[in-house]
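Beneath this line is the structure, given in structure tokens, with notes to follow.
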Amino acid sequence: MSESAAPASSAHLVARVIDDGKASTRQFLVIALCVLFNMVDGFDITAMAIVASGVAADLDLSADRLGLTFSFALAGMMAGAMVLAPLSDIVGRRKLIIASLLLIGVSVMLTASATTLTEFIALRFVSGLGGGALLASQATLAAEYSPEKYRALAVTVVTAGYPAGAMMTSVIGGYVMPDYGWRGMFWFGGIMTLAMAVAAIVLLPESLKYLFERRPRNALGRVNKILTSLRKPGIDAMPRVEAGDAGSKRNLFGNMRLLLSEEHWKSTLILWATFFMCFGTLYFLMSWIPRLMEQSGFSAEAGRDAFFLFNLSAIIGVFALGFLATRWKLSSLVSSFLLLSSLSMVAFAAAPRNLDLLLAITFVIGFLQQGGFMGLYAVAAKLYPTSIRSTGIGWAIGLGRFGAVVGPAVAGHLIAAGLDMSMNYYLFAVPMAIGGILAWRTHVR
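Numbering follows this note's numbering, in which position 169 of the sequence shown is assigned residue number 227; successive positions increment by one, without gaps.
This is the structure in structure tokens:
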């Protein structure tokens, strides 16, 4: 069924298709696929925390050199988010998501065969490149297929896939590592990621907003195919693009410059600083929780349990924040979660060394910290217009991930110098508190 005339503008059409009326099965499928992609990405990137002891023993690595393996993957994610993710504003969300999944899958499988530290960190860097590009691109696609009222919820649900995948490393590690060791974990992750790449090729649509604004070859045919899958009427001609949304003439560097334009520079700098502070603390915990628990006298199983609870509670926290964001101001919720997580880290550091108590506090930290942190992706998605959305999210993640590179590396040197688990928690609670204060300044509904 085709309309007799094109809508007045692309913004009008997208609002009618995405924001008005009942969400279609296709929209739910896009969100579900992005969740699954984020899960395998979370598994691949954070598997290092579970296999750290085995890798250290096999490759004869000290704590500071082991810290490099964490940091190189995160450095790759930083580069991927800053350099590769913005390409989705140029070539399309779908193409970059598929390319990222293929890059991650192949490099993770090759990591299983690494025999030297150099090979290992080079492959972890490449995996990180794909992961950084994937996180920003799928958050953008999820936002663009979600009604405005539920956009923050959709983006936070998608980003919940990352801690869900991280949580699965603990579960799968218990089955895989006894028989296949740390190398088996990378084989498993690589195969699953390549399977997701096939699913993306078959099932994932391109962003409607991208097709309207960039006008690639056969854009009208692709738009009508998507509209049909969404059970919406087709159009006879491409609608005009409003001046404020047009991005077809802007190149990659133009998009980057626009982030620091008069309209966006204040919110951009605040967002970058917030991501930096939160990434530093989050990836200190994501990388070192199992190892720190072991060094504090607990068993390897207790370390895996702590890591599992940290990521299980994160999923609950992400859903809780996404639900609350449909009713209250997003930036205020994110700020509250992050500030309370900082206080919870102080409580953990001050608590007696009782395993049940420490596991309970770890659960609370994961709920607050990762719930609030994942909400930052929704903040970033709402701060920028469509034409620079992937660029904005990518650079926020990328520059923020410098904190993720610094955090685990600094922790590695502190641990090698003799600082115990409590002191590390005290120190890393500080940047999380600063991140909570900065998040409040973004003022996003």
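The beta-carbon is built from N, C-alpha and C at its ideal position, and this holds for glycine as well.
Please read these numbers as outputs of a predicted model, since none were measured by experiment.
Close Cβ partners of residue i (< 8 Å) along its chain, the five nearest in sequence each way excluded
i	result
alanine 487	Thr339, Ser400, Leu401, Met403, Val404 and Ala407
methionine 314	Pro144, Thr449 and Trp453
histidine 70	Pro297
leucine 288	Val75, Ser82, Arg84 and Gln85
asparagine 96	Leu192, Leu193, Gln196, Val216, Thr217, Ala218, Gly219, Tyr220, Ala222 and Gly223
Simplified DSSP state of residue i, which is helix, strand or coil
i	result
glycine 452	helix
glycine 494	helix
glycine 476	coil
threonine 173	coil
valine 72	helix
arginine 120	According to the sequence as given, residue 120 is serine; it is not arginine. The answer is coil: DSSP assigns serine 120 none of H, G, I, E or B.
asparagine 412	coil
proline 348	helix
tyrosine 435	helix
histidine 501	coil
lysine 387	coil
serine 204	coil
alanine 115	helix
alanine 358	helix
proline 221	helix
tyrosine 442	coil
lysine 80	coil
alanine 487	helix
C-beta contact flag for residue i and residue j at 9 Å
i	j	result
arginine 447	alanine 201	yes
glycine 248	valine 166	yes
phenylalanine 532	valine 229	Nothing can be reported for residue 532: it is not among the residues displayed for the chain, which extend from 59 to 503.
leucine 496	lysine 440	no
valine 464	serine 129	yes
arginine 84	proline 263	yes
proline 103	alanine 131	Rather than proline, the amino acid found at residue 103 in this sequence is isoleucine. Going by C-beta atoms, isoleucine 103 is nearer than 9 Å to alanine 131.
glycine 190	methionine 135	yes
leucine 199	arginine 273	no
proline 466	tryptophan 330	no
leucine 187	leucine 159	no
methionine 254	leucine 154	no
valine 392	valine 422	no
glycine 430	alanine 139	no
leucine 142	alanine 258	no
valine 468	phenylalanine 333	no
glycine 433	leucine 370	no
alanine 110	proline 221	no
serine 146	serine 195	yes
leucine 124	glycine 470	yes
isoleucine 293	leucine 278	yes
valine 98	leucine 266	no
leucine 396	phenylalanine 356	no
Proximal residues to residue i (C-beta, below 7 Å), its chain only, five neighbours per side dropped
i	result
glycine 239	Gly112
alanine 197	Val213, Val216, Thr217, Tyr435, Ala439 and Ile451
isoleucine 492	Met335
arginine 241	Ala170
leucine 417	Asp363, Ala364 and Leu367
glycine 163	Gly248, Thr251, Leu252 and Ala255
tyrosine 208	Thr384
leucine 415	Ala409
arginine 280	Glu264 and Leu269
isoleucine 374	Phe425
leucine 87	Leu261
Cβ-based neighbour list, residue i, same chain, cut-off 6 Å, excluding 5 preceding and 5 following
i	result
methionine 479	Leu350 and Ser354
leucine 398	Leu426
proline 489	Met335, Gly338 and Thr339
threonine 227	Phe101, Thr104, Ala105 and Ile108
glycine 361	Pro348, Met351 and Glu352
histidine 501	Ser389
glycine 458	Phe333, Phe334 and Phe337
phenylalanine 244	Val166, Thr169 and Ala170
alanine 46	As displayed, the chain neither begins before 59 nor continues past 503, which places residue 46 out of reach and without an answer.
Item to check | Three CB pairs or more closer than 8 Å across the segment 279-289 and the segment 172-187 | outcome: Segments in contact, no.
Next on the checklist: Contact between the segment 369-382 and the segment 458-477 is defined here as three or more beta-carbon pairs at a separation below 8 Å; is this criterion met?
Outcome noted: Short answer: they don't touch.
Item to check | Whole runs of the beta strand (DSSP E) within the segment 252-329, excluding any shorter than 3 residues | outcome: Segments of the beta strand (DSSP E) lying fully in the segment 252-329: there are none.
Next on the checklist: If we require 3 or more residues per run, which beta strand (DSSP E) segments fall completely within the segment 131-156?
Outcome noted: Within the segment 131-156, no complete beta strand (DSSP E) run reaches 3 residues.
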